[in-house]
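Its first residue numbered 1, the sequence shown is counted upward by one per residue in the UniProt record's numbering.
What follows is one structure encoded as structure tokens, with my remarks underneath.
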Amino acid sequence: MTMSSTRMLRALPDGHRARLLRVAREVTVPQDTRLFEEGGRADRFWVVRSGTVTLDMHVPGRRSPMIETIGFDELVGWSWLFPPYVWQLGAVATTSVRAYEFDAMAVRSLCESDPQLGAAVGQWVGKVLAHRLQSARTRLLDLYAPYGSGSTR
């Protein structure tokens, strides 16, 4: 899976993207601002317009490792779509970020009222989730596994 297939512009048809953007608000997030903590309530999500956000993961007894850096047109946060709506990673703005911010409840309601939109959003978020899980696996093996244990076979 390529990164471009997880970007909003490529993942969602024009009409669905336009409907989503109608419920978005434009926000600016200052550098070093934490968007969310792992384990917190996932009640919103963002699509980056400019800047970068770093995803991190709590590892007991260690500093939280950086899992991935998110940039232009990428989704920040997927936990808002799946009960119990709890963040599975943390996120911090590593630069000043301009983004579209979405209220999760409003988007879930929009998706329920339009099954085609809901399916498209579900596919998009599913692709992002698969990509993020692979990134987390690779990063954690890089950091903590004995040399040579990162092989998948």
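C-beta: ideal position from N, C-alpha, C; glycine also.
A straight-line Cα-Cα distance of about 12 Å links Lys127 and Leu12. According to the DSSP assignment, Ala93 belongs to no alpha helix (DSSP H) but to the beta strand (DSSP E) extending over 90 to 93. Assignment of Thr52 by DSSP, reduced to helix, strand and coil, places it in the coil class. Under the 8 Å Cβ criterion, the segment 73 to 93 counts as touching the segment 26 to 39, having at least three qualifying pairs. Close CB contacts of Gln123 within its chain, under the 8 Å cut and outside five residues either way in sequence, are with Ala11 (chain order). Pairing Glu68 with Arg7 gives a Cβ-Cβ distance that is not under 7 Å.
Setting aside the 5 residues that flank it on each side, Leu81 is surrounded in the same chain by Val125, each with a C-beta closer than 6 Å to its C-beta; the list follows chain order. For Trp46, the pairing in a beta bridge is given by DSSP as Val76, Glu101. With a minimum length of 4 residues, the unbroken runs of alpha helix (DSSP H) contained wholly in the segment 102 to 127 fall at 104 to 113.
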